[in-house]
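Remarks on the structure that follows.
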Amino acid sequence: GSAFACSISSSPTYFFNANLVALALTTALIKITDRLTSKNKSSDEDEPKPAAIKSLQIKFLAVFWLLRCADWLQGPYFYEVYSSKIFNGVPASLAVVSKLFLTGFASTALFGPIVGRLSDSKGRKRGTLAFVLLYSLGAASTKSNVLGVLLMGRVLSGIGTSLLFSAPEAWMVGEAMSKEKGGQYLGETFGLAYAGDALVAILAGQFAGAAAGVRGPTGPFELSIGFLVAGAALASFLWKENKAEKSGDDDAPTILDAVKVVKEDPKIILVGAVQSLFEAAMYIFVLQWPPAITGIIEKSFGGSATPYGTVFSCFMASCLLGSTIFGQLAKRNVPTETSTSAMLSVATVAMGIAAWVSTSSTIVAMPLA
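This note's numbering applies: residue 28 is where the sequence shown begins, and numbers increase by one.
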């Protein structure tokens, strides 16, 4: 009733928690409905999963989710932790924060191909542990007020990101292919990994908010180090080393070979262009949403603190809802081109509304999601 609506609108924390619950319930309803209306399990699912595969999945997923949680923890308060720094008596401007933001991506682009090859040749387990070390140093650098230290921390984090998105999954593929029927379960394993990753991201937002409430904007980064250490400990004890199989120099693909393949198939260029443009808009949003939403909250709630962690959890819950809807559309044989066009249209409208509201002098009342 009206009392419930008033309680939600009384503070940004209540408001975003209500939105988070609404998003979670909507996603759960879709999944439950799909489960109830789905057909009987296929004969493939009746075949018992080998014990070795079960054990391998547990070893991989436990480490993967810990490391992903450590990564997600640093997202909600990225802007806040750097904008709180003071250089030469002047608070860090949006331009400075943007440069720090871009430094990490430049580092990933520059060192990514190199560290990927090193991880394959020296060992994927070593690559995963190297990620932990580099990312921990990057997280620890947020405690400093020296711009040079912060920049170096972003460089290390960028290199670590390249390892996070290559070494653990490559380790899993290598281990699975060494076991009987292991390759048959890779799709299932990575499906579980990224389905769970969405839930991990939602929880990470809540953890980040709690840590920031206790330790300030560097709190989530400190907590992130704890998850990194836990993941490294499990990988050290549960994983055995594996490396890429060596091939003759004549057979090894090169970047020029990749360029040739792309040139021969225009569809690859088009898919890459669509994804690149969408992610470019997304990363602009990632950098801009904290100051934009803080301004809205100050005007709408009278200067209340921004619950960055809960807002981040809402974003991640929205991602989970979106992937769930896409899955339902795919089951109904809706062409990917159609669903992608609809997604891009909705994203364009959403970004336009966000830009208009954040720059408008008149704040529109925020309804419950």
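In this text, a Cβ means the ideal position worked out from N, Cα and C, and glycines have one as well. Keep in mind that this is a model prediction, so the values were computed, not measured.
If you run the structure through DSSP and keep just helix, strand and coil, what is residue i?
i	result
residue 26	For residue 26 there is no data in the structure shown, the boundaries of the chain being 28 and 396.
residue 293	helix
residue 118	strand
residue 70	Bear in mind that a pLDDT of 47 at residue 70, under 50, signals an unreliable position, so the model cannot answer this.
residue 38	coil
residue 173	coil
residue 359	coil
residue 195	helix
residue 201	helix
residue 243	coil
residue 269	coil
residue 326	helix
residue 135	helix
residue 54	helix
residue 107	helix
residue 130	helix
residue 101	coil
residue 150	coil
residue 207	coil
residue 382	helix
I'd like to confirm the pairing. Which residues does DSSP put opposite residue i in its beta bridges?
i	result
residue 373	Residue 373 pairs with nothing; no bridge assigned.
residue 113	118
Within a Cβ cutoff of 6 Å, which residues of the same chain sit near residue i, ignoring the five residues on either side of it in sequence?
i	result
residue 246	238 and 239
residue 216	84
residue 93	254, 257 and 258
residue 195	91 and 155
residue 267	none
residue 252	163 and 166
residue 381	none
Alpha carbons only, please: which of the options is nearest the one belonging to residue i?
i	options	result
residue 197	270, 136 and 160	270
residue 170	294, 107 and 283	107
residue 80	209, 175 and 387	209
residue 372	305, 129 and 314	305
residue 351	338, 370 and 44	370
residue 265	65, 49 and 87	87
residue 174	115, 311 and 360	115
residue 146	132, 190 and 337	190
residue 60	220, 361, 355 and 385	355
residue 111	47, 143, 48 and 177	177
residue 346	78, 281, 131 and 223	223
residue 236	141, 332 and 291	332
residue 132	212, 314 and 157	314
residue 193	135, 327 and 214	135
residue 323	384, 252 and 241	384
residue 281	144, 121, 47 and 62	144
residue 50	301, 342, 38 and 360	342
residue 127	301, 168, 150 and 63	168
residue 75	260, 212, 138 and 293	212
residue 307	179, 287, 113 and 129	129
Output needed for residue i: all residues of its chain with C-beta closer than 8 Å, excluding positions within five of it in sequence on either side, in chain order.
i	result
residue 397	There is no way to answer for residue 397, as the model of the chain reaches only from 28 to 396.
residue 148	270 and 271
residue 303	none
residue 58	351
residue 289	295, 296 and 299
residue 357	363 and 366
residue 377	none
residue 219	84 and 88
residue 375	none
residue 138	185, 186 and 189
State yes or no: is the beta carbon of residue i nearer than 8 Å to at least one beta carbon in chain C?
i	result
residue 385	Of the chains in the structure shown, none is chain C; there is only one protein chain.
Given residue i, which residues of its chain have a CB within under 7 Å of its CB, disregarding the five upstream and five downstream residues?
i	result
residue 234	100 and 250
residue 40	334 and 337
residue 44	337
residue 262	90, 152, 155 and 156
residue 187	158, 161, 162 and 165
residue 248	101, 108, 166 and 169
If you measure from the CB of residue i, is any heavy atom of the ligand NAD nearer than 7 Å?
i	result
residue 132	Absence of the ligand NAD is noted for the structure shown, with no ligands found whatsoever.
Three CB pairs or more closer than 8 Å across the region 182-202 and the region 157-165: yes
Validate contact between the region 316-325 and the region 198-210 using beta carbons, cut 8 Å, 3 pairs: no
Segment contact flag, the region 96-103 with the region 225-237, C-beta cutoff 8 Å, min 3 pairs: yes
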